[in-house]
Amino acid sequence: MDAIAIIGFADQVFSTSLKMYAIISGASQFGEEQDMLFWKFQLECLKFKVWHDNLTTSNDDPKALDMALLEQGEQVRQVVVGALQRIYKILNDAMHLYDKYGLVFIDKPSDGMNLAEVKVLSSNIFVKEPEVSAKNAQKAVSFWKRCKWQIKDKEKFGALLKDLSDLNNDLNDIFPSRMRNFLSDVVVSLLISSSKVPALDSAVKALTQGDGGKNLNSSGSYPLTTKPTDYARASVEKLAAIKRLAEALSINDTGPSSNGRQFSVLADDPNKLKTAFLASKASQGGTDFPPLENGFYQEQPVLVEWKKYDRTMPYRERQIIKNRVDKLAIFLNKTKPNDFCIPECTAYLHVDDESKFAFLYRLPTLAADQTKWTTLRDVFDRPSPTLSDRCSLEGRYLIAQTLARSLLQLHVCGWVHKGIRSSNILLFPKSSASIKNPDQSLLDERYDFSAPLVVGFGYSRPDKPDEETVERSSNPRRADDHDLYRHPKLIPTSASYRSGPRFKKQFDIYALGLVLFELAFQSPLVNFHRARDTPESFLARLRSWYVPQLASNMGTRYRDCVEYCLGVVDKERIALGVQSGTDLLSNQSGDDIQLDQLTEFSRKVVLPLGRYI
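No gaps in the numbering here: position 461 of the sequence shown is 461 in UniProt numbering, and each next residue is one more.
Here it is, written out as structure tokens:
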């Protein structure tokens, strides 16, 4: 039996090739002027990994790729394995790297092996016996790990990039339906990789700009696919701009002692805003206020999100809140990619006599009626739901994947939300003309589940050690809602509560898991809560009794996504290993754990949810 016929062979070739990508990028001495080449090489590595993650259902199964390929038929598997072998041979052929692709060794192990012998060793991965094949691959990788080299000929190295790009494109073209979100996934992976602003600038330039007349193709730029798309360019540039802004805000003059800090031009006069709450306050002296309401600002309809604070708080804490509100408004003011479903803040107001801030959001222009929004919680909160109160399976997967992708993008940009719950997810109506039978239409036929709007940013902040939230969120109208979406470690009445726990990204992911849970059962989370439940017993019952049921009505993939989210807080450190791609980022330092967490969230939740759509 040929080695290629062995189940698990494709996975082995992919895994070893991914290791070689990491080794070459880590061991090469890329000078400052060659930084662009480094990121172009990293980009091909990310494309290779995202292709794999989009195709397989599990990164933990050593035969996941082969099993996915077998579903497509043996002929397709043979074609894919052939492309993988070519990628492997390019990255492992020492003589070709030296002669054809312009790499020169500056330090190699003195263990008696020459380049020709390594070439033979690398080629012997394709033998019939799996044990011998794995041993040869391990020896070859061990040799490369001890090597140091640099780029001698930039044009030849450009040929390496082009050959790898062509093979990556060939792999994508085999499965066009499975690669629907490929560009988005590569863009987000690229931004995860470039955690620091200088690296981010080089990464974005590598993706969107040309090579000063030495382009690798006729399009004048280095593409994600055969031809770059406007979407890919716009997405990476917008997300990169937001990430740069977030970094700048986190190191700007933000301390509470900075009395002279200049607030942004987004701060405006409260008298310019007209809402029902302000009108009732003026006429009746009422003090209750809605978290969200429609309003008019400068004669334009806006969505108003109110944030109340305690005016008896110490001056230092009030200054912290004011500074954070200003930074949040600046952050939300940036133009975002279409699949980043958070609002655009046009201004914010400080109603001092009411101890409230108002964030003014631009309403979606494509909504059939901008002002007739509802929340995801409210559409599922029906005592006796009928067919028209239900959502299709496709619709639930669509909004689940959109929400997960948006949260990942928020985290990539360096912020935590701190208020993920179904009452903070808005849905906007579709045009009535598109509804064929209004009386029997499903929820996702009446509301646009592809473009929800995530609000509730009143307590959001940059995810930095020196940032803090001094106030605690609450909702007097639905007091039970808030603590239900908090992990037990954040609830003071919980046995597992620790005084002053710092909010981290995993708590947002945990809350998202509960929203995914609600989507699956099409019912508010409060309906599953019992009066005698403690925070720990409630979570334990969800995970042991209800989450397993998701396999039958949403599929095992969805169940695994929810289970991952509900268990992510308890993972002290996420060990991903080579196949997950964490050691592809060998140029990074300091934030490795957070990068691992973002990569794993993408791999465990965002990508699997997108495979159904």
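For every residue, glycine included, the Cβ atom is placed at its ideal position computed from N, Cα and C.
Computed from a predicted structure; not experimentally measured.
Worksheet item: Can you give the Cα-Cα distance for A451 and L363, rounded to whole angstroms?
Response: As a working note, residue 451 is residue 451 in the sequence shown. As a working note, residue 363 is residue 363 in the sequence shown. A451 and L363: Cα-Cα distance of roughly 12 Å.
Worksheet item: Skipping 5 residues on each side, what residues in its chain have a beta carbon closer than 8 Å to that of T386?
Response: As a working note, residue 386 is residue 386 in the sequence shown. Excluding positions up to five away in sequence, the list is empty.
Discussion item. Let me check one thing: in DSSP terms, what residues is L103 bridge-paired to?
Written reply: The count along the sequence shown starts at 1 and reaches residue 103 at position 103. L103 is bridged to I151.
Worksheet item: Start and end of the alpha helix (DSSP H) containing K272?
Response: As a position in the sequence shown, residue 272 is number 272, starting the count at 1. From DSSP, K272 is part of no alpha helix (DSSP H); its letter is neither H nor E.
Worksheet entry | Residue-level contact to chain C via CB, C45, 7 Å cutoff | In the structure shown, chain C does not exist; there is a single protein chain.
Worksheet item: What number of angstroms, rounded off, separates the C-alpha of L43 from the C-alpha of K63?
Response: Counting from 1 along the sequence shown, the entry for residue 43 is found at position 43. Counting from 1 along the sequence shown, the entry for residue 63 is found at position 63. So the alpha carbons of these two residues sit roughly 25 Å apart.
Worksheet item: Straight-line CA distance for S537 to L103?
Response: In the sequence shown, counting from the first residue as 1, residue 537 sits at position 537. In the sequence shown, counting from the first residue as 1, residue 103 sits at position 103. For S537 and L103, the distance between alpha carbons rounds to 59 Å.
Item to complete: Check Y297 in the structure and name its three-state DSSP category.
Response: By one-based count along the sequence shown, residue 297 stands at place 297. Of the three classes helix, strand and coil, the one that applies to Y297 here is strand, per DSSP.
Discussion item. Could you compute how far the alpha carbon of Y315 sits from the alpha carbon of F289?
Written reply: Counted from its first residue, the sequence shown places residue 315 at position 315. Counted from its first residue, the sequence shown places residue 289 at position 289. Each residue's alpha carbon lies about 24 Å from the other.
Worksheet item: What are the boundary residues of the alpha helix (DSSP H) that L426 is part of?
Response: Along the sequence shown, one-based indexing puts residue 426 at 426. Premise fails: L426 lies in the beta strand (DSSP E), 425-427, not in any alpha helix (DSSP H).
Practice prompt. Tell me where the beta strand (DSSP E) around F528 begins and ends.
Written response: Walking along the sequence shown from the start, residue 528 turns up at place 528. Taken as a continuous stretch (DSSP letters only), F528 belongs to no beta strand (DSSP E), as it is neither H nor E.
Item to complete: Tell me where the beta strand (DSSP E) around C345 begins and ends.
Response: Along the sequence shown, read from residue 1 onward, the residue named residue 345 stands at position 345. That run of the beta strand (DSSP E) goes 345-351.
Discussion item. Excluding the 5 residues flanking L607 on each side, which residues of the same chain have their C-beta closer than 7 Å to its C-beta?
Written reply: Counting from one through the sequence shown, the residue named residue 607 turns up at place 607. Here the set comprises D53, N54, D185.
Discussion item. For the segment 550-562 against the segment 517-530, do three or more pairs of beta-carbon atoms, one drawn from each stretch, fall closer than 8 Å, so that the two count as touching?
Written reply: A contact exists between the segment 550-562 and the segment 517-530.
Item to complete: With DSSP as the reference, label L366 as helix, strand or coil.
Response: As a position in the sequence shown, residue 366 is number 366, starting the count at 1. In the three-state reduction of the DSSP assignment, L366 falls in the coil class, being assigned neither a helical nor a strand state.
Item to complete: Determine the DSSP secondary structure at E468, reduced to helix, strand or coil.
Response: As a position in the sequence shown, residue 468 is number 468, starting the count at 1. Here E468 sits in coil by DSSP.
Worksheet item: In this structure, what does DSSP give as the bridge partners for P462?
Response: The sequence position of residue 462 within the sequence shown is 462, counting from 1. Answer by DSSP bridge pairing, in chain order: W415.
Item to complete: For the segment 460-471 and the segment 373-382, state whether three or more C-beta atom pairs, one from each stretch, are separated by less than 8 Å.
Response: no
Discussion item. Once DSSP output is grouped into helix, strand and coil, what is the label at F357?
Written reply: On the sequence shown, residue 357 is found 357 positions in, with the first residue counted as 1. Strand.
Practice prompt. Put V578 into one of helix, strand or coil per three-state DSSP.
Written response: Walking along the sequence shown from the start, residue 578 turns up at place 578. Caution applies to V578, whose pLDDT of 33 falls short of 50 and renders its modelled position unreliable; the value that the coordinates give is listed next. Of the three classes helix, strand and coil, the one that applies to V578 here is coil, per DSSP.
Worksheet item: Excluding five sequence neighbours on each side, which residues of the same chain lie with their C-beta closer than 7 Å to the C-beta of A241?
Response: Taking the sequence shown and counting its residues from 1, one reaches residue 241 at position 241. Only K334 meet the Cβ criterion.
Practice prompt. With a threshold of 16 other CB atoms inside 10 Å of the CB of W415, please say whether the residue is buried or exposed.
Written response: For the purposes of this step, residue 415 is identified with residue 415 of the sequence shown, where counting begins at 1. With 16 or more Cβ atoms within 10 Å of its Cβ, W415 is classed as buried.
Discussion item. So the candidates are K356, T374, Q300, K100; which of them puts its Cα closest to the Cα of L426?
Written reply: One-based indexing of the sequence shown puts residue 426 at position 426. The candidate whose alpha carbon is nearest that of L426 is T374.
Practice prompt. Would you check if there are 3 or more beta carbon pairs closer than 8 Å linking the segment 401-409 to the segment 324-340?
Written response: Contact holds between the segment 401-409 and the segment 324-340, because three or more Cβ pairs, one in each stretch, are under 8 Å apart.
Item to complete: Hey, could you find the ends of the alpha helix (DSSP H) D444 is sitting in?
Response: For the purposes of this step, residue 444 is taken as the residue at position 444 of the sequence shown. Here the alpha helix (DSSP H) through D444 covers 443-446.
Worksheet item: Looking at C-alpha atoms only, which residue of A68, I192, A276 is the closest neighbour of E305?
Response: The residue labelled residue 305 in the question sits at position 305 within the sequence shown. Comparing Cα positions, the closest option is A276.
Practice prompt. Would you mind sorting V80 into buried or exposed? The rule is 16 or more other CB atoms within 10 Å of its CB.
Written response: The residue you call residue 80 lines up with position 80 of the sequence shown. With 16 or more Cβ atoms within 10 Å of its Cβ, V80 is classed as buried.
Discussion item. My output table needs one value for W373: the three-state DSSP class, helix, strand or coil.
Written reply: To locate residue 373, count along the sequence shown from 1; it is residue 373. In the structure shown, W373 sits in coil (DSSP, three-state: anything other than H, G, I, E or B).
Worksheet entry | Beta-bridge partners of W545, as assigned by DSSP | For the purposes of this step, residue 545 is taken as residue 545 along the sequence shown, with counting starting at 1. Answer is none; W545 lacks a bridge partner.
Worksheet item: Just checking my contact of S25 with C45 at CB under 8 Å: how many whole Å lie between their CB atoms?
Response: Locating residue 25 in the sequence shown gives position 25, where the first residue counts as 1. Locating residue 45 in the sequence shown gives position 45, where the first residue counts as 1. About 7 Å separates the two Cβ atoms, so the contact holds.
Practice prompt. Name the two residues that bound the continuous alpha helix (DSSP H) containing G513.
Written response: Numbered from 1 along the sequence shown, position 513 holds the residue referred to as residue 513. G513 -> alpha helix (DSSP H) spans 505-521.
Worksheet item: Sorted by chain position, which residues of the same chain lie with C-beta nearer than 6 Å to D389's C-beta, five sequence neighbours on each side aside?
Response: Here residue 389 refers to the residue found at position 389 of the sequence shown. For D389, where only same-chain residues beyond five positions count, the Cβ hits under 6 Å are R382.
Worksheet item: Helix or strand or just coil, what does DSSP make of L91?
Response: In the sequence shown, counting from the first residue as 1, residue 91 sits at position 91. Here L91 sits in helix by DSSP.
Worksheet item: Expressed to the nearest angstrom, what Euclidean distance is found between the alpha-carbon atoms of P492 and L97?
Response: Start at 1 with the first residue of the sequence shown, and residue 492 comes out as number 492. Start at 1 with the first residue of the sequence shown, and residue 97 comes out as number 97. Looking at the two C-alpha atoms, the distance is approximately 59 Å.
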